[in-house]
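Working notes for the structure below.
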Amino acid sequence: QAKADGKGVARRFDPAQFAEAEARRREENDLRRALDAGEFEVHYQPIVHLNGERTVGVEALVRWNHPERGLLPPAAFLDLAESLGLLPRLGGWVLEQACRQAAIWQAQEPGFELNVNLSASQLGNPDLIDEVRDILDRTGLPPSLLVLELTESVALVDLIESARVLGALKSLGVRIALDDFGTGFSSLSHLGALPVDVVKIDKSFVQAMQESNGASVAEAVLQIARTFNLAPVAEGVEDAEQASRLRELNCAQAQGYHFAKPMPAGDLTALLHRQSALSN
Ligand code: C2E
Ligand code: MG
Ligand code: MG
Ligand code: MG
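For what it's worth, full-length UniProt numbering labels the leading residue of the sequence shown as 282, then goes sequentially.
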């Protein structure tokens, strides 16, 4: 047992702890290198209109195509990237990549929307507004087709500052969505203070709908959205029953494995081709 206390007592070498620190250092270096090495990819999950289930937009979701570990989801690297201060750069890359792709899709499918997630450090970055404006200019994506998502917990850290930054973003013509809506209920009284357009109803509410009282909870969350004039998008719809219940509750849009999983850009292009072939 190593002794942390006591003067002059050296910590005994702990191989397990050393290996852990070593692994973390390797992962940090790996992550710093990955962006330059072009190892990140953006996948896109369809957002459908519940009436007819037509794909009306996508959410951009980052993946790390690791040379040894394969395709990694955000849960495997995003927190570390944020703590290393890499998110403004990684997030900027995702935004530009996704806007460039969405500009192509909207030429083929007018009005096609793009949702992109923002992290806490991106929201706190004073260059964010200029960066979003520059990316929209460079890629030619109409601002009205971009929806920037941030979680309640991020938005509510500093309500006044968030309201200012979101207001500046909205003056560019983009819209704002509150992600994982309903999971931070303490914030309800502050909701009216934020210039938000869309709420992404958290998947926990969608998945609880089939339990007793679950439907009324989902209904209550949708009612709150309506009260604040926010367009609801249900997240994590995994089966037809959830979809039809949401339809009954007049939720217009949804996203989830029941409709489609996140996919590479090429697959989404193919999906849009099939969709427009069907409607012509
Ligand atoms: P999110 O923004 O709430 O995104 C929705 C997550 O739910 C995605 O996980 C998506 O793959 C997953 N999902 C979609 N449909 C279903 C379903 O039917 N059932 C279940 N169980 N899950 C479903 P993913 O891609 O692993 O992303 C996790 C989180 O990582 C995102 O949650 C978002 O907060 C964050 N994230 C992803 N990409 C980015 C990014 O580019 N920047 C930032 N800042 N955060 C990102
Ligand atoms: Mg999101
Ligand atoms: Mg979400
Ligand atoms: Mg989430």
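Backbone N, C-alpha and C define an ideal beta-carbon position, used for all residues, glycine too.
No experiment lies behind these values; they were computed from the predicted model shown.
- Under DSSP, residue 544 forms a beta bridge with 325.
- Proximity to residue 459 across 453, 560, 428 peaks at 428, based on C-alpha coordinates.
- Relative to ligand 2, the beta carbon of residue 481 is positioned inside 7 Å of a heavy atom.
- In this structure, the beta-carbon distance from residue 322 to residue 346 falls below 8 Å.
- Looking only at 400, 546, 378, the smallest Cα-Cα distance to residue 434 is reached by 400.
- The closest heavy atom of ligand 1 lies 7 Å or more from the beta carbon of residue 499.
- Your pair residue 397 and residue 430 checks out as a contact, with CB atoms roughly 7 Å apart and the cut at 8 Å.
- Excluding the 5 residues flanking it on each side, residue 544 has same chain C-beta neighbours closer than 7 Å at 324, 325, in chain order.
- Residues with their Cβ less than 5 Å from any non-hydrogen atom of ligand 2, running along the chain, are 398, 430, 460.
- By the CB criterion at 8 Å, residue 395 and residue 338 fall inside the cutoff.
- When 483, 335, 498, 348 are compared, the shortest CA-CA separation from residue 320 is found for 348.
- DSSP places residue 395 inside the beta strand (DSSP E), whose first and last residues are 394 to 398.
- In the three-state reduction of the DSSP assignment, residue 347 falls in the strand class.
- Under the Cβ criterion (8 Å, minimum of three pairs), the stretch 401 to 413 does not count as touching the stretch 469 to 483.
- The C-beta distance from residue 481 to residue 516 rounds to 5 Å, short enough to meet the 8 Å contact threshold.
- Cβ contact annotation for residue 374 (same chain, cutoff 8 Å, sequence separation greater than five): 316, 321, in chain order.
- For residue 509, the three-state secondary structure derived from DSSP is coil.
- The residue from 424, 356, 404, 462 with its alpha-carbon nearest to that of residue 438 is 404.
- Contact between residue 518 and residue 540 holds, since their C-beta atoms are separated by about 7 Å, short of 8 Å.
- By alpha-carbon distance to residue 356, the top candidate from 367, 391, 343, 365 is 343.
- The Cβ-Cβ distance between residue 383 and residue 426 falls below 8 Å.
- C-alpha of residue 553 to C-alpha of residue 497: approximately 35 Å in a straight line.
- A residue is called buried when at least 16 other Cβ atoms come within 10 angstroms of its Cβ; residue 354 does not meet this threshold and is exposed.
- A Cβ-Cβ separation of about 21 Å leaves residue 328 out of contact with residue 504 under the 8 Å criterion.
- Put simply, of 303, 470, 512 the residue whose alpha carbon is nearest the alpha carbon of residue 330 is 512.
- Using a Cβ distance threshold of 8 Å, residue 495 and residue 489 count as a contacting pair.
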